[in-house]
Structures are given as structure tokens and as C-alpha cells.
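**Student:** Got a structure for you, questions after.
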Amino acid sequence: MPIIAAAHPALSPQEVLQLTSSSWKSLVSEKRLEYQTRAKQLWDEYLEARNDYVKQYGHPPPAKRSKTSRSGNADEQRKPAASSSAQSEKEHRVFSQFFTQNSDAQDSIYWKSIDRALSLKDRYAKCQRDLNSLRLFLNEVKDVADKAAFSSEFLGLVKKALIENFKDLPLPDGFRVADGPVEYLSKADVVAERGNSRDAAFISTYKATMSRLKLPTVADFREQSQNRHL
């Protein structure tokens, strides 16, 4: 894209995008907006670099001559003006190389930022789900007299159920459920969310086991606890 922009300074950012991306119309609206914003930023950077070039050399960077144009004007190239043409082409090459390298570096930073933002968005969604679960738990135990004892006993049942069901399914990194049931569950969720193909066997077994697993609910455990104390 930067090379196209440098070779066609009359094109608008939108036209540059359409010229360089055959899949432009298939982009989702959110990505398309990001791409348009980035194209506008590159366009502004190009114009700034072009203006700096004009200030330094007194003229815009010359357009790169095509092979057809060069062969069609062979006689003209043999004239004294050949040195000027070669100099102009060299200047264009230097300018384009500088602009391309700078834009590629900016593009790399830009897309890394996008990936980071998407990762943070996913992590935020997971934290939000965990927070909602915590709120539900606290709401369930708000009337329990000894919350610490209740939570400890309930967590013991959950750990026992996890160990019984996942004892033969270590994580891809070797971590076993007996080493820490709650930590195992958190790590397993991360592996399942990432969905790496190399972990396909683990993910399949883990999801199948979770679908069969009947963990005790806070409400049921609370009811059982109350019945025991009647």
C-alpha cells in the first residue's frame, strides 16, 4: 500500500485501499473502519514526507518510469538528459524505500496494538463472567452465619469432584488436577479458549468431561447444610 501511494500521489486513501485490497468489500465493517483510519494516517504521513522532500530538493519525488516508457524513449535517454532521469529515478527509489520502511514499521505497531486490544477485550469478558459468578455466590451465602466454614466445605466438594473426574487428564504442560484443582480448572479454561490445534485431543476430552460433570451448586449445598443442622 505505501508503494502504491508513493507512485500515485493523486489517489485518495480510499482509492489506494481499493487498488491494493481485492477483499476490501468483504471486510467486516469494524475492520474496514480500522483500515480506513489507518489508511488516512498513512496518507497523512506520506504527504508530510513528500513535503519534506520538496523542501529539501525543491520538487516533488518523481514518478517511477515504467519499462515501456523507458524502452519507448530510448533515443531520449541517450541525450544529456539521461543523467537527470537517472538521478530522478534514484531519488524516487530512495524516497519510496524510506517511506515504505517507515510505513511498514508503523503498520507492525498498529496491528500489534489491535491484537493486544482484542486480547484485552477477551480477558475483560472472562473477568466479567467471573465477577458475575462471584456476585451470584455472595448472594447465595449472604444469610449464612459462618461464611468461611461454608465456603471451605463447599470448595472441598468441588475439588473432590474435579480430582475424581480429571485425575487421568493432565494439562498439555503436564500440570495435574491433584496439584491444584482450582488452578487446574483455570488453566484448562485458558487452553480451551485458545483452541490451538496441537491441544485438540486435550480440549475435546476436557469439554466432554465438563459436559458430564455434575459439580455441586451453592444452592443445593446450602440446602443440604441447613437440613443437617435441623
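Using the numbering used here, read the sequence shown as starting at -16 and increasing by one per residue. Every residue, glycine too, gets a C-beta built ideally from N, C-alpha and C. If you're wondering where the values come from, they're calculated on a predicted model, not measured in any experiment.
Among Tyr189, Arg177 and Val160, which has the Cα closest to the Cα of Lys143?
**Tutor:** Start at 1 with the first residue of the sequence shown, and residue 143 comes out as number 160. Of the candidates Tyr189, Arg177 and Val160, the one whose C-alpha sits nearest the C-alpha of Lys143 is Val160.
**Student:** Identify whether Arg159 lies in helix, strand or coil by the three-state DSSP scheme.
**Tutor:** One-based indexing of the sequence shown puts residue 159 at position 176. Three-state result, Arg159: coil.
**Student:** Using only CA atoms, which one of Lys170, Glu147 and Asn148 lies nearest to Phe158?
**Tutor:** Taking the first residue of the sequence shown as position 1, residue 158 is located at position 175. Nearest option by C-alpha distance: Lys170.
**Student:** Could you check what DSSP says for Lys150 in three-state terms: helix, strand or coil?
**Tutor:** Position 167 of the sequence shown, counted from the start, is the residue given in the question as residue 150. Correct three-state label for Lys150: coil.
**Student:** What is the DSSP secondary structure of Asp105, counted as helix, strand or coil?
**Tutor:** Within the sequence shown, numbered from 1, the residue matching residue 105 stands at position 122. In the structure shown, Asp105 sits in a helix (DSSP, three-state: H, G or I).
**Student:** I need the DSSP call for Asp129, collapsed to helix, strand or coil.
**Tutor:** Counting from one through the sequence shown, the residue named residue 129 turns up at place 146. The three-state secondary structure of Asp129, taken from DSSP, is coil.
**Student:** For my contact list, Leu140 and Phe204 are in at a C-beta cut-off of 8 Å; report their separation, rounded to the angstrom.
**Tutor:** Start at 1 with the first residue of the sequence shown, and residue 140 comes out as number 157. Start at 1 with the first residue of the sequence shown, and residue 204 comes out as number 221. With a Cβ gap of about 7 Å, Leu140 and Phe204 count as contacting.
**Student:** Alpha carbon to alpha carbon, how far is Phe133 from Asn122?
**Tutor:** Translated into positions along the sequence shown, residue 133 becomes position 150. Translated into positions along the sequence shown, residue 122 becomes position 139. Rounded to the nearest angstrom, the gap between the Cα atoms of Phe133 and Asn122 is 13 Å.
**Student:** If we ignore side chains and look at the alpha-carbon of each, how far apart do Cys110 and Glu166 end up?
**Tutor:** As a position in the sequence shown, residue 110 is number 127, starting the count at 1. As a position in the sequence shown, residue 166 is number 183, starting the count at 1. C-alpha separation (whole angstroms): 15 Å.
**Student:** Is it a yes or a no for the segment 180 to 190 touching the segment 86 to 102, going by three-plus beta-carbon pairs under 8 Å?
**Tutor:** no
**Student:** Which of the three DSSP states, helix, strand or coil, is assigned to Asn179?
**Tutor:** Along the sequence shown, one-based indexing puts residue 179 at 196. Residue state, collapsed to three classes: coil.
**Student:** Measure the beta-carbon distance from Arg21 to Tyr93 and round it to whole angstroms, keeping in mind my assumption that it falls under 8 Å.
**Tutor:** In the sequence shown, residue 21 corresponds to position 38, counting from 1. In the sequence shown, residue 93 corresponds to position 110, counting from 1. Between Arg21 and Tyr93 a beta carbon distance of about 6 Å is seen, short of the 8 Å cut, so the two are scored as contacting.
**Student:** Can you say whether Leu198 is buried or exposed, counting buried as having 16 or more other CB atoms within 10 angstroms of its CB?
**Tutor:** In the sequence shown, residue 198 corresponds to position 215, counting from 1. With fewer than 16 other beta carbons inside 10 angstroms of its own, Leu198 counts as exposed.
**Student:** Between the beta-carbon of Leu138 and the beta-carbon of Thr188, is there less than 7 Å?
**Tutor:** The count along the sequence shown starts at 1 and reaches residue 138 at position 155. The count along the sequence shown starts at 1 and reaches residue 188 at position 205. No, the Cβ-Cβ distance between Leu138 and Thr188 is not below 7 Å.
**Student:** Throw me the rounded Cβ distance for the Leu196 and Leu168 pair, which I believe falls under 8 Å.
**Tutor:** Within the sequence shown, the letter at position 213 stands for residue 196. Within the sequence shown, the letter at position 185 stands for residue 168. About 10 Å; that fails the 8 Å criterion.
**Student:** Between the alpha carbons of Lys130 and Phe185, how many angstroms are there, rounded?
**Tutor:** Residue 130 sits at position 147 when you count from the first residue of the sequence shown. Residue 185 sits at position 202 when you count from the first residue of the sequence shown. Answer to the nearest angstrom: the Cα atoms are 36 Å apart.
**Student:** Which residues in the same chain as Ala202 place their Cβ atom closer than 8 Å to its Cβ, once the five residues preceding and following it in sequence are excluded?
**Tutor:** Along the sequence shown, read from residue 1 onward, the residue named residue 202 stands at position 219. These residues qualify, in order along the chain: Glu123.
**Student:** So Pro155 and Val173 are in contact, right, with Cβ under 8 Å, and what is the actual spacing, rounded?
**Tutor:** Counting from 1 along the sequence shown, the entry for residue 155 is found at position 172. Counting from 1 along the sequence shown, the entry for residue 173 is found at position 190. Not confirmed; about 11 Å, so no contact.
**Student:** DSSP state of Val37, grouped into three classes?
**Tutor:** Here the question's residue 37 lines up with position 54 in the sequence shown. DSSP places Val37 in helix when its eight states are reduced to three.
**Student:** In whole angstroms, what is the alpha-carbon distance linking His42 and Glu31?
**Tutor:** Translated into positions along the sequence shown, residue 42 becomes position 59. Translated into positions along the sequence shown, residue 31 becomes position 48. Cα-Cα distance, rounded: 14 Å.
**Student:** May I have the straight-line CA-CA distance separating Ala214 from Val127, to the nearest angstrom?
**Tutor:** The question about residue 214 has no answer, for the chain in this structure spans -16 to 213.
**Student:** Looking only at its own chain, which residues have a Cβ that is under 8 Å from the Cβ of Ile97, when we skip the five neighbours before and after it?
**Tutor:** Residue 97 sits at position 114 when you count from the first residue of the sequence shown. Contacts found: Glu17.
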